[in-house]
Ligand code: FE
Ligand code: FE
């Protein structure tokens with residue numbers, strides 16, 4: 046009995062200590078994620094985003110098949126994602142498997158889930174993390190508090206410039222927003238540019254394009270910019286997000302037969318080398 050009590054007291058002391066320590070670390074400024082976002086929010090302003098769009102608008106970086114891009118994810122672990130400690134190719138298969146479980150007939154959705162992060166090949170061109178990964182946000186208007194670590198936006202050159210003014214009109218439509226450049230926009234652009242080499246439609250291309258725009262799809266910001274029809278994109282992106290996120294928390298084993306299934310599916314949906 047004495048031992049039980051002693052153990053209980055120890056237990057409480059541990060939790061009290063943990064509670065105090067977590068309270069002190071409220072802003073979690075000592076994590077790699079905080080450091081990553083602090084740098085991103087300082088460097089990624091409107092001018093930077095426009096220059097990145099221009100840099101990747103020619104699709105002259107390389108020629109490769111979608112399968113080659115997928116295989117490049119074997120050696121890559123996303124440095125910005127605290128929940129993801131497996132190679133990105135495993136994350137790709139797991140995301141697709143989640144979708145397949147819910148929608149076994151929707152092959153295009155499964156493919157979209159499989160390829161959604163392949164824009165991360167930007168790393169192979171030597172791009173720093175803030176040009177490839179992380180939650181995205183809209184430039185040319187006020188930064189909403191729904192951006193992760195919103196206080197770090199104050200270091201952005203546009204913070205005061207677009208505090209009161211906004212370069213967009215109400216209901217201008219999602220497609221007209223200038224969103225911070227990363228793996229979403231890059232893969233979307235590649236697929237649009239090579240539209241004759243695959244069967245993906247706008248429904249799934251939009252899921253890919255907006256999947257990191259958390260302040261919008263999860264935070265509820267930027268609603269004023271949506272035009273009629275954008276609510277369907279939001280619905281699709283939110284559903285896509287459930288496959289993307291849950292696969293990290295509830296890992297699915299990826300064996301050879303799973304890989305073979307998607308190998309065939311890619312043959313069905315993609316044709317030859319694309320320009321990246
Ligand atoms: Fe992603
Ligand atoms: Fe993902």
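Numbering (the numbering used here), first residue to last: 46 to 321. A virtual CB, placed ideally from N, CA and C, is assigned to each residue, including glycine.
| Check | Outcome |
| --- | --- |
| Reducing DSSP to helix, strand and coil, say where residue 93 ends up. | helix |
| Give the C-beta separation of residue 243 and residue 315 to the nearest angstrom, bearing in mind that I take them to be a contact with Cβ-Cβ under 8 Å. | 5 Å |
| State the CB to CB distance for the pair residue 252 and residue 111, rounded to an integer number of angstroms; the pair is presumed to be in contact (CB under 8 Å). | The Cβ separation is near 16 Å, so there is no contact. |
| State the start and end residues of the unbroken alpha helix (DSSP H) segment that holds residue 116. | 111 to 117 |
| Taking the alpha helix (DSSP H) that residue 249 belongs to, which residues open and close that run? | 247 to 255 |
| Would you identify the three-state DSSP class for residue 301, choosing helix, strand or coil? | helix |
| Bridge partners of residue 243, per DSSP? | 315 |
| Any heavy atom of ligand 2 closer than 8 Å to the CB of residue 136? | yes |
| Does the distance from the C-beta atom of residue 228 to that of residue 163 stay below 9 Å? | yes |
| Have a look at residue 113 and residue 302 and give me their C-alpha separation to the nearest angstrom. | 19 Å |
| Can you list, in chain order, the residues of its chain with a C-beta nearer than 8 Å to that of residue 116? Leave out the 5 residues immediately preceding and following it. | 134 |
| In the DSSP assignment, what residue or residues form a beta bridge with residue 235? | Paired residues: none, contrary to the question. |
| Restricting to Cα atoms, I'd like to know which of 262, 297 and 234 is closest to residue 275. | 262 |
| In terms of residues, what are the limits of the alpha helix (DSSP H) holding residue 262? | 259 to 262 |
| According to DSSP, which residues form a beta bridge with residue 184? | 223 |
| Tell me whether residue 234 is buried or exposed, calling it buried when 16 or more other Cβ atoms sit within 10 Å of its Cβ. | buried |
| So, helix, strand or coil for residue 106, using DSSP? | coil |
| Once the 5 residues before and after residue 84 are set aside, which same chain residues still bring their CB inside 6 Å of it? | 175 |
| Quick one: is the Cβ of residue 93 within less than 8 Å of any heavy atom of ligand 1? | no |
| In this structure, does DSSP put residue 196 in helix, strand or coil? | helix |
| Only counting the same chain, and skipping five residues up and downstream in sequence, which positions put a Cβ closer than 8 Å to that of residue 170? | 106 |
| Alpha carbons only, please: which of 142, 96 and 130 is nearest the one belonging to residue 305? | 142 |
| Quick one: residues in its chain with C-beta nearer than 7 Å to the C-beta of residue 184, no 5 flanking neighbours on either side, listed in chain order? | 90, 91, 94, 203, 223 and 225 |
| Kindly give me the distance between the Cβ atoms of residue 266 and residue 191, rounded to whole angstroms, as I take these residues to be in contact under 8 Å. | 5 Å |
| Does DSSP classify residue 150 as helix, strand or coil? | coil |
| Considering only heavy atoms of ligand 2 and the C-beta of each residue, which residues fall inside 5 Å, strictly closer? | 162 and 289 |
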